[in-house]
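Asks: Just so we're on the same page, my numbering is the position in the sequence shown counted from 1, plus 352. All residues carry an ideal CB built from backbone N, CA and C; glycine is no exception.
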Amino acid sequence: MRIGLIVGPWFTVPPEKYGGTERVVDALARGLADAGHDVLLATASDSTCPVPQVPGFSPSAPEELGLTFSEMGHVIKAYAAMRGMDIIHDHTLAGPLYAHRPPGVPVVTTIHGPLSPSYTPLYRDMAQDTAIISISHDQCSRISDLEISAVIHHGIDLSAVSAGPGTGGYACFVGRMCPDKGLLEAVAIAREASVPLRIAAKMHAQDEQEYFREVVEPILGTNEEFLGELSDPEKYELMGDAMALINPIQWHEPFGLVMIEALAAGTPVLATPMGAAPEIVRHGITGFVGSTRELAGFVGRVPELSRAACRRSVEESFSAHRMAADHVDLYTRVIEQFAVKPLPGRGLLQENQRQAL
Numbered sequence: 353m354r355i356g357l358i359v360g361p362w363f364t365v366p367p368e369k370y371g372g373t374e375r376v377v378d379a380l381a382r383g384l385a386d387a388g389h390d391v392l393l394a395t396a397s398d399s400t401c402p403v404p405q406v407p408g409f410s411p412s413a414p415e416e417l418g419l420t421f422s423e424m425g426h427v428i429k430a431y432a433a434m435r436g437m438d439i440i441h442d443h444t445l446a447g448p449l450y451a452h453r454p455p456g457v458p459v460v461t462t463i464h465g466p467l468s469p470s471y472t473p474l475y476r477d478m479a480q481d482t483a484i485i486s487i488s489h490d491q492c493s494r495i496s497d498l499e500i501s502a503v504i505h506h507g508i509d510l511s512a513v514s515a516g517p518g519t520g521g522y523a524c525f526v527g528r529m530c531p532d533k534g535l536l537e538a539v540a541i542a543r544e545a546s547v548p549l550r551i552a553a554k555m556h557a558q559d560e561q562e563y564f565r566e567v568v569e570p571i572l573g574t575n576e577e578f579l580g581e582l583s584d585p586e587k588y589e590l591m592g593d594a595m596a597l598i599n600p601i602q603w604h605e606p607f608g609l610v611m612i613e614a615l616a617a618g619t620p621v622l623a624t625p626m627g628a629a630p631e632i633v634r635h636g637i638t639g640f641v642g643s644t645r646e647l648a649g650f651v652g653r654v655p656e657l658s659r660a661a662c663r664r665s666v667e668e669s670f671s672a673h674r675m676a677a678d679h680v681d682l683y684t685r686v687i688e689q690f691a692v693k694p695l696p697g698r699g700l701l702q703e704n705q706r707q708a709l
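#1: Mark A596 as exposed unless 16 or more other C-beta atoms lie within 10 angstroms of its C-beta, in which case mark it buried.
#2: Starting from F336, trace the alpha helix (DSSP H) in both directions and tell me its first and last residue.
#3: Please confirm if the segment 448–461 is in contact with the segment 426–439, defined as three or more CB-CB distances below 8 Å between the two stretches.
#4: Identify which residue in A691, E613 and R664 has its Cα closest to the Cα of V513.
#5: Is it the case that the Cβ atoms of G507 and F670 are separated by a distance below 7 Å?
#6: What are the complete alpha helix (DSSP H) segments, minimum 4 residues, inside the segment 555–621?
#7: Taking only three categories from DSSP, how would you classify R528?
#8: What are the residues that DSSP puts in a beta bridge with T482?
#9: Can you tell me whether F564 is buried or exposed? The criterion is at least 16 other CB atoms within 10 Å of its CB, across all chains shown.
#10: Return the CA-CA distance between H464 and G521, expressed in angstroms with no decimal places.
#11: Run the CB neighbour count on V406, radius 10 Å, all protein chains shown included, and call it buried at 16 or more, exposed below.
#12: Confirm, please, whether the CB-CB distance from G608 to C662 is below 7 Å.
#13: Using CA atoms only, rank isn't needed, just tell me which of L615, D681, I637 and T373 is closest to A515.
#14: Give the range of the beta strand (DSSP E) segment to which R354 is assigned.
#15: Between the segment 360–367 and the segment 377–397, are three or more C-beta pairs nearer than 8 Å?
#16: Could you tell me how far apart the beta carbons of T373 and H443 are, in whole angstroms, since I believe they sit closer than 8 Å?
#17: Helix or strand or just coil, what does DSSP make of D442?
#18: Quick check on DSSP: helix, strand or coil for F640?
#19: Are A387 and D509 touching if we call contact CB-CB under 7 Å?
#20: Is it true that the CB of S422 sits closer than 7 Å to the CB of E415?
#21: Assign P570 to buried or exposed, taking buried as 16 or more other Cβ atoms, counted over all protein chains shown, within 10 Å of its Cβ.
#22: Would DSSP call L449 helix, strand or coil?
#23: Under the rule that 16 or more other beta-carbon atoms within 10 Å means buried, what is G627, buried or exposed?
#24: Can you list, in chain order, the residues of its chain whose CB lies under 6 Å from that of Y370, leaving out five sequence neighbours each side?
#25: Starting from the N-terminal side, write out each stretch of the alpha helix (DSSP H) that is 4 residues or longer and does not extend beyond the segment 371–421.
#26: I'd like the span of the alpha helix (DSSP H) that includes T684, first residue to last.
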């Protein structure tokens, strides 16, 4: 199968540090290539993912994150290079709405963010001619009138993560510096359980810096150690030596890649029952799911859990191999359906209009 993958222009694939979507696309690209498929990746020119890439793109530009002109210019060039693909998997927001997609090539897209009221109309429009992938059952449960073609959980490349011993004598928090990620709650949980907490957090944007300076930094004490943002090897070492990852998210996070990264390192996860956390953490087996007030009590039960079972849960359910296989199943189904009854895609519709004229 010839598969085109499109990701935005702002971060490399894989990302050097922050970039959940780019990390997932890297694992998917590698998994598809390992399975024998021909993969063409449209990404920033400084990406290092070892699959063929569309030439002519600019280097990654994180300072342009979210800018429409930046994403659209990237998308236009990406679709122009993918006319020979059997299917295109677009991980951008703007791409599936582009009017000049290659005629005759089906497109699928993944909803990487929340289905908020502002985004939902866009995905409803996309669904007219694009297969929609949700990354968790919780995510797609947020709206009832959007056609979802498949729910496919994220996966990670297990060869990049070694199972750690968990003998560091601390718990860890890994996430973005914002209220939704629950850092203040993690600090409170660790203190109540009398466990040191090591904190790794992405803090690039101005609002993230302000939140740290005005809210988080003043409350940090001798029980906490702030490490800043870590590279992947540093992050996996932190997780592998931790007794647990404390992840008391305060919003309906669509997935939560950090949880499967910790489990891959053999580290149990303590999480609130928000978003996809109950789909990832098996209560009493790979961690504990409970309210913020309950999680401190669960810290003392972490030694009951098997770190091997944590690692095994990722091998069985959240590996890049499994993720790639699930996508191939969907791609095959979409291609077969498209051959029988092509969707009224924007590119195909426009080609038909030109022929009619």
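Replies: Taking the coordinates as given:
#1: buried
#2: Given a span of 353 to 709 for the chain in the structure shown, any question on residue 336 remains unanswerable.
#3: As far as the Cβ criterion goes, the segment 448–461 touches the segment 426–439, which means the pair count is three or higher.
#4: E613
#5: Yes, they are a contact pair.
#6: For the segment 555–621, whole alpha helix (DSSP H) runs of length 4 or above, ordered along the chain, are 558–563, 584–593 and 609–616.
#7: Strand at R528.
#8: Under the DSSP definition of a beta bridge, T482 lacks any partner.
#9: buried
#10: 34 Å
#11: buried
#12: no
#13: L615
#14: R354 to I358
#15: Flag = yes, the segment 360–367 and the segment 377–397 touch.
#16: 6 Å
#17: strand
#18: strand
#19: no
#20: Taking 7 Å as the Cβ cut-off, E415 and S422 do not qualify as a contacting pair.
#21: exposed
#22: In the structure shown, the three-state DSSP call for L449 is helix.
#23: buried
#24: The answer, listed in chain order, is K554.
#25: As for any alpha helix (DSSP H) of minimum length 4 sitting wholly inside the segment 371–421, the runs are 372–386, ordered along the chain.
#26: Where T684 is concerned, the enclosing alpha helix (DSSP H) stretches over A672 to V692.
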